[in-house]
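Chemist: The opening residue of the sequence shown carries number 339 in our numbering; numbering runs sequentially from there. Would you mind keeping the following structure in view while I ask a few things?
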Amino acid sequence: MRCISILYRYGQSYIAKRLEYLNIGSGQYVFLMTLFRKGGISQEELSNHLKIDKGTTAKAIKKLEEEGYLVRNPDLRDKRAYKISLTPKALEVIPAIQAAAKDWENLITSGLSEEESSRVEQILQRMAENTCHFKIEDEENGK
């Protein structure tokens, strides 16, 4: 399990360095990529999808909005909520984010066969699903 921690830390550092010139932190690019894939969604939906607490999401949204990457528009169905959407500036940097993520993936899977890489992905996916079940059980038990 120590290896997962190392991969995460080095991955965050790698992405941060690659996106530094865009003023996008390593913890912020996932918000941009999620909004790119899902379109305009609420802050709560974004938190739920990424499994990130609402406070962290709020801070990231604020920073990205200040940088001109996001806009908040009132949700027509829920007057208390806002839909978070990408700006044209954000759409321009998506290819750079995708390239950084792909380069990191290529770096950490270098030397692995397609089969090995696929197997690692399957195992990590299963582990991620296990943690989601754990979180659901905690919520059901009031923890």
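Ideal Cβ positions, reconstructed from N, Cα and C, are used throughout, including at glycine.
S380 and A419: beta carbons closer than 8 angstroms?
Modeler: yes
Chemist: Helix, strand or coil, according to DSSP, for N361 in the structure here?
Modeler: coil
Chemist: Quick check: the segment 404–412 against the segment 422–432, are there 3 or more CB pairs under 8 angstroms?
Modeler: yes
Chemist: Report the CB separation of M371 from I435 in whole angstroms; it is logged as a contact under 8 angstroms.
Modeler: 6 angstroms
Chemist: Kindly indicate if chain C contains any beta-carbon less than 8 angstroms away from that of K355.
Modeler: No chain C is part of this structure, which consists of one protein chain only.
Chemist: Just the C-alpha distance for Q350 and K440, rounded to the nearest angstrom, thanks.
Modeler: 13 angstroms
Chemist: Could you check if R356 is buried or exposed, using at least 16 other CB atoms within 10 Å of its CB as the buried criterion?
Modeler: buried
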